[in-house]
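Colleague: One structure, pasted below without further comment.
Structure below.
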């Protein structure tokens, strides 16, 4: 390793260190919270769950709003994680750019679909 | 004294097949790489996960499609393959969740010691694989 400070400093990487580290944890904790809420609702449903019981879990307005917010947070969580993976293993800038674009399109498409499912309930 | 500074071996361009298989990871290392693997797996299977959510919750008719995908299969995909892929999602989610909660616990408590790293890693592996076995047995109708 040669000089890596001042004007010689290597400026590569994402540069969102603390912000994304913290966002990764908060969005992860939010999804864990949603998991436990859904799990509690499943366990509190009397009798076999079936379609009615399962749909009833997501039908209250507050649950839709919460699930919507958590889905958006989750998409950001996945973006940070996948970007970390691409940054670690894929060095050529062109291929990395293609993979980044693929990741964003993949995520936004899935998010749009999930949100549609949620709000038409 | 140029002889004293012996040339140290350099390892570059690690060969995924020849070199990675010789690595002997500690439990915390396994939890770490599996956290990454499980996350990437769920990312790639995300359309399937949304499809499972869509068909299971949208209507009674779609719920029947959802259920028959596991028993009779869907399209050209046999039901047992659907079950295996869903089992992989179950493992990936459990591992990612428990390993993530381990991260949060360590961050909040500053519980950074070699011993805790090892014991919590073993706890993560045992719990995620154990719960996967329990839920997998249910998925394949063993009880």
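Residue numbers (full-length UniProt numbering), protein chains in the order written: chain A, 1 to 121; chain B, 1 to 143.
Note that CB positions come from ideal geometry on N, CA and C, so glycine has one too.
1. Counting Cβ pairs, one atom from each stretch, are 3 or more of them under 8 Å apart for the segment 94-110 of chain B and the segment 54-68 of chain B?
2. Among residues of its own chain, excluding the 5 on either side of residue 20/B, which ones have a beta-carbon nearer than 8 Å to its beta-carbon?
3. What first and last residue would you give for the alpha helix (DSSP H) that runs through residue 96/A?
4. Is the CB-CB distance between residue 42/A and residue 57/A below 8 Å?
5. I'd like the span of the alpha helix (DSSP H) that includes residue 32/B, first residue to last.
6. With a threshold of 16 other CB atoms inside 10 Å of the CB of residue 110/B, please say whether the residue is buried or exposed.
7. Pull up the CB-CB distance for residue 97/B and residue 132/B, whole angstroms please, since I reckon it's below 8 Å.
8. Taking CB distances under 8 Å as the criterion, tell me whether residue 68/A reaches chain C.
9. Chain B beta carbons: is any one of them nearer than 8 Å to that of residue 121/A?
10. Between which two residues does the alpha helix (DSSP H) carrying residue 119/B extend?
11. Per DSSP, what kind of secondary structure is residue 148/B in: helix, strand or coil?
12. Please say whether residue 32/B and residue 92/B have beta carbons closer to each other than 8 Å?
13. Quick one: is residue 51/A near chain B, going by C-beta distance under 8 Å?
14. Would you call the CB atoms of residue 64/A and residue 30/A closer than 8 Å?
15. Tell me the DSSP secondary structure of residue 90/A in three-state form.
16. Just how far apart, CA to CA, sit residue 149/B and residue 136/B?
17. Give the range of the alpha helix (DSSP H) segment to which residue 19/A is assigned.
18. Here's the rule I'm using: 16 or more other beta-carbon atoms within 10 Å means buried, otherwise exposed. How should residue 43/B be labelled?
19. Please confirm whether residue 35/A has its beta-carbon closer than 8 Å to some beta-carbon of chain B.
Modeller: According to the data block:
1. no
2. 14
3. 93-119
4. Contact: yes.
5. 27-44
6. exposed
7. That belief does not hold up - the Cβ atoms of residue 97/B and residue 132/B are roughly 12 Å apart, past 8 Å.
8. The structure shown contains no chain C; the protein chains it does contain are A and B.
9. yes
10. Where residue 119/B is concerned, the enclosing alpha helix (DSSP H) stretches over 114-139.
11. Nothing in the structure corresponds to residue 148/B, since chain B is present only between 1 and 143.
12. no
13. yes
14. no
15. coil
16. The first residue shown for chain B is 1 and the last is 143, placing residue 149/B beyond what the model contains.
17. Its alpha helix (DSSP H) spans residues 17-44.
18. buried
19. Put simply, the CB of residue 35/A is near chain B, with a gap under 8 Å to one of its CB atoms.
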